[in-house]
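Just below is one structure, and these are the notes that go with it.
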Amino acid sequence: MNHQLVIENVGYRYHTTKDEITAIENVSFNVDKNEFIAIVGPSGCGKSTLLSLIAGIIKPSHGHIKINCEKTKGNKIGYMFQQDNLFEWRNVLSNIRLGLEITHQKDNKLALSLIEKYGLKDFSRKLPHELSGGMRQRVALIRTLVTNPEILLLDEPFSALDYQTRLTVVQDIYDIITKEQKTSILVTHDIGEAVSLANRIIVLSKRPSKIKAILSTNLTDIDSIEKRKRTFEYKTMVDRIWEELQD
Amino acid sequence: MKRSKSKICSNEHAKFIKQYKSKKLTILFCQLGLLILFICLWEILTQTQVLNVLIFSSPSRIVSTISTLYTSGDLFYHIGITLSETLIGFVLGVGLGTIVAILLWWNESLRKILDPYIVVLNSLPKIALGPIIIIWFGAGMQSIIVMCVLITIVITTLSMLNAFQSVSNTKILLLQSLGASKFTILRKLILPSSLPQFVSVLKIAVGMSWVGSIMGEYLISSAGLGYLIVYGSQVFQLDLVMSSTLILCVLASVMYLFVALLEKIVHRRLGL
Numbered sequence: 007m008n009h010q011l012v013i014e015n016v017g018y019r020y021h022t023t024k025d026e027i028t029a030i031e032n033v034s035f036n037v038d039k040n041e042f043i044a045i046v047g048p049s050g051c052g053k054s055t056l057l058s059l060i061a062g063i064i065k066p067s068h069g070h071i072k073i074n075c076e077k078t079k080g081n082k083i084g085y086m087f088q089q090d091n092l093f094e095w096r097n098v099l100s101n102i103r104l105g106l107e108i109t110h111q112k113d114n115k116l117a118l119s120l121i122e123k124y125g126l127k128d129f130s131r132k133l134p135h136e137l138s139g140g141m142r143q144r145v146a147l148i149r150t151l152v153t154n155p156e157i158l159l160l161d162e163p164f165s166a167l168d169y170q171t172r173l174t175v176v177q178d179i180y181d182i183i184t185k186e187q188k189t190s191i192l193v194t195h196d197i198g199e200a201v202s203l204a205n206r207i208i209v210l211s212k213r214p215s216k217i218k219a220i221l222s223t224n225l226t227d228i229d230s231i232e233k234r235k236r237t238f239e240y241k242t243m244v245d246r247i248w249e250e251l252q253d
Numbered sequence: 003m004k005r006s007k008s009k010i011c012s013n014e015h016a017k018f019i020k021q022y023k024s025k026k027l028t029i030l031f032c033q034l035g036l037l038i039l040f041i042c043l044w045e046i047l048t049q050t051q052v053l054n055v056l057i058f059s060s061p062s063r064i065v066s067t068i069s070t071l072y073t074s075g076d077l078f079y080h081i082g083i084t085l086s087e088t089l090i091g092f093v094l095g096v097g098l099g100t101i102v103a104i105l106l107w108w109n110e111s112l113r114k115i116l117d118p119y120i121v122v123l124n125s126l127p128k129i130a131l132g133p134i135i136i137i138w139f140g141a142g143m144q145s146i147i148v149m150c151v152l153i154t155i156v157i158t159t160l161s162m163l164n165a166f167q168s169v170s171n172t173k174i175l176l177l178q179s180l181g182a183s184k185f186t187i188l189r190k191l192i193l194p195s196s197l198p199q200f201v202s203v204l205k206i207a208v209g210m211s212w213v214g215s216i217m218g219e220y221l222i223s224s225a226g227l228g229y230l231i232v233y234g235s236q237v238f239q240l241d242l243v244m245s246s247t248l249i250l251c252v253l254a255s256v257m258y259l260f261v262a263l264l265e266k267i268v269h270r271r272l273g274l
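In the order they appear, the protein sequences are chains A and B. Numbering of the first sequence is given in the numbering used here, commencing with residue 7 and proceeding in unit increments. Numbering of the second sequence is given in the numbering used here, commencing with residue 3 and proceeding in unit increments.
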């Protein structure tokens, strides 16, 4: 079977004047189409570096990363960060069009249809400071989706939100991702979030980062994320990941 | 009558609004009162010869000097000279300073190479370069403009470079993940997000360019407000010195107000 994303024996080293630091060592895993993968690990273990490698922003020191059997290129990847990173001087529509402008696409149809589909039509001319935290995050996701990426990289996209907003935004963003049928890789320090959202969870060790475990869940059959959190499997999986991280 | 935009919710709120407006009015009244008191006191003290009018001039003599300058056609001639030197110096200084900042942001090696030179140029009192500038550019308007540019360019470069470097790294990463080139990052992110700082730099540069042009005119000039001040002090015509200083004050304030208005518009547009 052809995997959508293949990460094979990938390592990444960077250099300071004093030292050579190995951030990631021999990481290998595959991701299939429409899968939702979560990557968890101790802070500073290189989770975000791994996403930058997948996005092609930095090159691996060894190994290779392929999307649909080809080397990674920016336009196949959509990247969503901890902060929404909306440009304050651009209105909602203009922020969403950002990726299209960079790839020289003039067609607004997809942008407008996504804005309408996800309830932002009345806000398309508003500036980011006029939106709520949840709305801003939704705009950030639509900005990512509008370039039609094959894989979504989510770098702790909910961690900057307050608890109450987070509860609704996580479900909101998850629904959009599943509706758009996007393969997603989520990096998070929140084990509960990883278990409740992902089909598979990759547990990384501390630096130099290696894969400690790859765990699968069956929770994605349940629609509501809050309901998933009330299941026995959820609790067992959280405990198991916690133990893996403690070792 | 202009209606207040604020919605009054309760008596307490109405009281608060009333107090706020009355405080604002009191401050304005005190500001104007202080100025009027100063002018009146100055006039009375010179009229009663408590202060020597030859040394301190007087408001009435200043008005009469400005009126004489106006009727002789000299007023707008001298204002025009200083204003054009200041504006040319301001535009060139800010423009070149921003271009240099862009180049330094673009090329890290260039930034590191030029760093000590910029530090030295920033700490150097620019007036020390006056004689060299006069020899190189001649004893004319060019030298005054160069002086003006020198004073504004360094501060613009340093402030704009600082603004460019403080742009969020994740925003740059976002554009990189979308496949943006360095030029696109500059155009779509760095320059627009530095707009508020650019307007703040304009505010500083306005004052700096006035310093540059007047300093230049002190050194070499045959016209302009700086020239009138130097000439007035040389022939002991304090009326001319005070009048020119007053005109300078008004012009600098008007230019500053324009930039402050621009800042307000930018801030309102960005919701800052």
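Heads up, the beta-carbon is just placed ideally off N, CA and C, and yes, glycines get one too.
Selection from the options that minimises the alpha carbon distance to residue i
i      : options                        : result
B/K266 : B/C32, B/P198, B/L39           : B/P198
A/V152 : A/D181, A/S100, A/S67, A/R236  : A/S100
A/K185 : A/N40, A/L133, A/H9            : A/N40
B/R271 : A/K112, A/E94, A/Q111, A/K235  : A/E94
B/F166 : B/Y220, B/V203, B/E87, B/V232  : B/V203
A/S119 : A/K132, A/K235, A/E107, A/N154 : A/N154
A/T150 : A/D90, A/L203, A/L251, A/Y169  : A/D90
A/T171 : A/R142, A/L126, A/Q187, A/T194 : A/R142
A/L92  : A/I63, A/K112, A/K132, A/L116  : A/K132
B/G218 : B/F139, B/E14, B/I187          : B/F139
B/W212 : B/L193, B/G91, B/L248          : B/G91
A/G105 : B/L89, B/L177, B/S246          : B/L177
B/K190 : A/I220, A/D113, A/R96, A/Q252  : A/R96
A/T55  : B/E45, B/L175, B/L37, B/C11    : B/L175
B/E276 : B/L36, B/S60, B/I38            : Absent from the model: residue 276 of chain B. The displayed extent of chain B is 3 to 274, so no value can be given.
A/I27  : A/R213, A/D229, A/I247, A/L167 : A/R213
Residue i - containing beta strand (DSSP E), residue span
i      : result
A/T28  : 26-37
A/L118 : First-last for A/L118: 115-123, but that is the alpha helix (DSSP H), not the beta strand (DSSP E).
A/F42  : 42-46
A/R19  : 11-21
A/K216 : Counting along the chain, A/K216 falls outside any beta strand (DSSP E), and DSSP gives it neither H nor E.
A/I157 : 157-161
A/G69  : 68-73
A/V209 : 206-210
A/G84  : 83-86
Sequence-distant residues of its chain with Cβ nearer than 6 Å to residue i (five each side left out)
i      : result
A/I183 : S190
A/S165 : Q88
A/S215 : I30, C51, G52
A/L210 : G47, C51
A/K218 : V209, S211, E250
A/P66  : V16, Y18, L59
B/G234 : L242, V243
Close-in-space but distant-in-sequence residues of the same chain around residue i (CB under 7 Å, 5 per side omitted)
i      : result
A/E239 : T223, N224, L225
A/L147 : M86, I179, I182
A/I73  : Q10, L11, K82, E156, I157
A/K235 : G198, S202
B/M143 : E87
Same chain only: Cβ atoms within 8 Å of residue i, ignoring 5 sequence neighbours per side
i      : result
A/V244 : I197, G198, V201
B/N124 : V156, I157, L160
A/I60  : L11, I13, I71, T78, I83, I157, L159, I191
B/F238 : L56
B/S6   : At B/S6, the pLDDT of 47 sits below 50, so the modelled position is not reliable and the matter cannot be decided from this model.
B/N13  : none
A/E232 : L173, Q177
B/I134 : none
Range of the contiguous alpha helix (DSSP H) that encloses residue i
i      : result
B/T172 : 171-179
A/E249 : 238-252
B/K26  : 13-49
A/T189 : From DSSP, A/T189 is part of no alpha helix (DSSP H) but of the beta strand (DSSP E) over 189-193.
B/G218 : 197-221
A/G140 : 139-151
B/A254 : 240-272
B/T159 : 143-167
B/Q236 : 227-236
Exercise for the section: Output, in sequence order along the chain, the residues in the region 52-66 of chain A whose CB is closer than 7 Å to any CB in chain B. Expected result: Listed by position, the residues of the region 52-66 of chain A near chain B (Cβ gap below 7 Å) are A61, I63.
Practice task
Scan the region 169-188 of chain B for residues whose Cβ lies nearer than 8 Å to a Cβ of chain A and list them as they occur along the chain.
Solution key: Correct list: S170, T172, K173, L175, L176, L177, Q178, S179, L180, G181, A182, T186.
Practice task
Report yes or no: do three or more beta-carbon pairs, one from the region 146-161 of chain B and one from the region 120-128 of chain B, lie closer than 8 Å?
Solution key: Flag = yes, the region 146-161 of chain B and the region 120-128 of chain B touch.
Exercise for the section: Answer yes if the region 12-31 of chain A comes into contact with the region 133-142 of chain A, meaning at least three C-beta pairs across the two stretches below 8 Å, and no otherwise. Expected result: Touching, no, given that fewer than three Cβ pairs across the two stretches are closer than 8 Å.
Practice task
Give, in chain order, every residue of the region 139-150 of chain A whose Cβ lies closer than 7 Å to some Cβ of chain B.
Solution key: Residues are counted here when their Cβ sits less than 7 Å from a Cβ of chain B; for the region 139-150 of chain A the count is zero.
Handout entry: the region 215-228 of chain B / the region 83-98 of chain B touching (three or more Cβ pairs under 8 Å)
Key = In the pairwise beta carbon analysis, the region 215-228 of chain B is classified as touching the region 83-98 of chain B: at least three pairs are separated by under 8 Å.
Practice task
Check whether the region 241-258 of chain B touches the region 201-217 of chain B, counting contact only when three or more Cβ pairs, one atom from each stretch, lie closer than 8 Å.
Solution key: Between the region 241-258 of chain B and the region 201-217 of chain B there are three or more C-beta pairs closer than 8 Å, enough to call the two in contact.
Handout entry: Residues of the region 190-211 of chain B whose Cβ lies closer than 9 Å to any Cβ of chain A, in chain order
Key = Taking 9 Å as the upper bound on Cβ-Cβ separation, chain A lies near residues K190, L191, P194, S195, L197 of the region 190-211 of chain B.
Handout entry: the region 60-68 of chain B contacting the region 240-250 of chain B, beta-carbon criterion three pairs below 8 Å
Key = Contact between the region 60-68 of chain B and the region 240-250 of chain B is present: 3 or more CB-CB pairs across the two stretches fall below 8 Å.
Handout entry: Within 9 Å of chain B by C-beta, residues of the region 94-110 of chain A in sequence order
Key = E94, W95, R96, L104, G105, E107, I108, T109: these are the residues of the region 94-110 of chain A whose beta carbon lies less than 9 Å from some beta carbon of chain B, given in chain order.
Exercise for the section: May I ask you to list, following chain order, the residues of the region 153-165 of chain B that have a beta carbon less than 9 Å from some beta carbon of chain A? Expected result: Residues: none.
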